[in-house]
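Residue numbers (this note's numbering): 9 to 281.
In what follows, a single structure is set out as C-alpha cells and then discussed.
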Ligand SMILES: [Ca+2]
Ligand SMILES: [Ca+2]
C-alpha cells in the first residue's frame with residue numbers, strides 16, 4: 009500500500025487517498041511454435057478484475073482475425089473433476105467462432121453442452137484474445153481448472169493449439185483485500201483557537217468495499233509554525249494551542265492503522281485564530 013499523496017485542504021475536513029493493494033494476475037505459459045504456422049497460444053493471464061469479471065487474456069500469434077475460419081475456446085472445469093463435463097472435464101465451455109463472429113458460454117448438463125446464458129464476452133485482437141466471464145455465470149465457482157484452445161481453419165480440419173499441452177491450469181479467485189480509500193478526521197472545534205484545546209476525537213475511514221468505519225487506531229503528529237506541538241490523550245490528538253499562536257500555521261498529520269497496516273495521510277492544515 010502506498011502512502012497518500014493528495015491535495016491539502018484547509019479547514020475541518022480534508023481527504024487523503026491511499027493506493028489500494030491489488031493482487032497481480034495469475035500467469036501461465038504455453039510454448040511457442042507448437043502449432044506450426046497456425047494459431048499459437050503463448051502467455052496467458054487470468055485475473056479477477058474490478059469490473060466484476062474473471063478476465064482471461066491470451067497472447068496468440070497467428071490467431072485468425074474475425075471473419076477468417078478458426079475458433080478460440082476455454083473449458084472451465086468448475087468442480088475440478090475431470091469425469092464431469094465432456095471436453096477436458098469442462099463443466100462450462102466458452103467458444104467463439106472467429107469465422108461467424110459468434111460465441112458464448114455453454115454448460116454441460118450431463119448429456120450435452122447447452123446455452124448457459126449469463127455474462128461473458130470476448131475481444132479478439134491482432135495476435136491475442138480476451139474472454140470475460142462473471143463468476144456467477146460459472147455457477148459461482150471461486151476456483152477452477154481450465155484449458156484453452158485456439159485454432160486456425162474450418163472446424164473439421166482445424167490446426168489446434170491446446171494449452172496447457174497436458175492437464176489443466178488452475179485459477180483461484182482471491183478474496184478482495186479491504187483497504188482504506190479515504191480518511192475523514194473530525195476536529196473540535198472546527199478550527200484551532202489560540203489558548204484553547206483543539207482535538208480530533210474521531211476519524212472515519214472510507215473503505216475499498218464501500219463501508220465507512222471509525223478508525224480504532226490513529227495518531228496525530230502536529231506542527232505549529234514548523235515546530236512539533238505534542239498532543240495528549242487518544243492518539244496524542246488533543247492539542248493545547250498556545251496563547252501566542254494566533255495567525256500561525258498548524259498542520260496535523262494522521263497516521264491511521266487499518267488491517268495491521270499503518271499509513272500516513274496528508275496533513276490537515278489550519279490557520280490558528
Ligand atoms: Ca503454443
Ligand atoms: Ca468437471
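Glycine is no exception: its CB is placed at the ideal position from the N, C-alpha and C atoms.
Check: residue i C-beta below 7 Å from any heavy atom of ligand 1
i: residue 43; result: yes
i: residue 98; result: no
i: residue 49; result: yes
i: residue 33; result: no
i: residue 40; result: yes
i: residue 1; result: There is simply no residue 1 to check, as the chain begins at 9 and stops at 281 in what is shown.
i: residue 171; result: yes
Reduced DSSP secondary structure (H/G/I, E/B, other) of residue i
i: residue 262; result: strand
i: residue 251; result: helix
i: residue 96; result: helix
i: residue 143; result: helix
i: residue 78; result: strand
i: residue 225; result: strand
i: residue 164; result: helix
i: residue 256; result: coil
i: residue 50; result: coil
i: residue 244; result: helix
i: residue 281; result: coil
i: residue 210; result: strand
i: residue 173; result: coil
i: residue 5; result: Past the boundaries of the shown model lies residue 5; the chain is included only from 9 to 281, so the question cannot be answered.
i: residue 148; result: coil
i: residue 70; result: coil
i: residue 237; result: strand
i: residue 193; result: strand
i: residue 61; result: coil
i: residue 43; result: coil
i: residue 153; result: strand
i: residue 181; result: coil
i: residue 205; result: strand
i: residue 273; result: strand
Cutoff 7 Å; reference residue i; Cβ partners in own chain excluding five residues on either side
i: residue 221; result: 213 and 215
i: residue 278; result: 18, 199, 200 and 258
i: residue 30; result: Only weak support exists for where residue 30 lies, its pLDDT of 46 falling under 50; the value from the coordinates is given anyway. Excluding residues within five positions, none has a Cβ falling inside 7 Å.
i: residue 233; result: 256 and 257
Residue i: CB within 7 Å of a non-hydrogen atom of ligand 2
i: residue 87; result: yes
i: residue 148; result: no
i: residue 92; result: yes
Cβ distance (whole Å) where residue i is taken to contact residue j below 8 Å
i: residue 79; j: residue 103; result: 6 Å
i: residue 158; j: residue 172; result: The Cβ separation is near 13 Å, so there is no contact.
i: residue 68; j: residue 135; result: 6 Å
i: residue 141; j: residue 249; result: Wrong, their Cβ atoms sit about 58 Å apart, outside the cutoff.
i: residue 83; j: residue 95; result: 5 Å
i: residue 271; j: residue 211; result: Rounded, the Cβ-Cβ distance is 12 Å, inconsistent with contact.
i: residue 186; j: residue 217; result: 5 Å
Contact set for residue i: own chain, Cβ-Cβ below 6 Å, skip 5 residues either direction
i: residue 132; result: 74
i: residue 81; result: 103 and 157
i: residue 37; result: 51
i: residue 151; result: 180
i: residue 129; result: 140
Beta-carbon proximity list for residue i, same chain, < 8 Å, skipping 5 on both sides
i: residue 251; result: 202 and 203
Within-8 Å CB hit, residue i to chain B
i: residue 39; result: Included in the structure is just one protein chain, with no chain B present.
*asked:* Tell me whether the region 248-268 and the region 163-182 touch, counting them as touching only if at least three CB pairs, one residue from each stretch, are closer than 8 Å.
replied: no
*Check whether the region 60-75 touches the region 184-204, counting contact only when three or more Cβ pairs, one atom from each stretch, lie closer than 8 Å.*
no
*Counting Cβ pairs closer than 8 Å, one from the region 87-107 and one from the region 127-147, do we hit at least three?*
yes
*asked:* Would you call the region 163-170 in contact with the region 46-62, where contact means no fewer than 3 C-beta pairs closer than 8 Å?
replied: yes
_If contact is defined by three or more beta carbon pairs under 8 Å, each pair taking one atom from either stretch, is the region 265-273 in contact with the region 233-245?_
no
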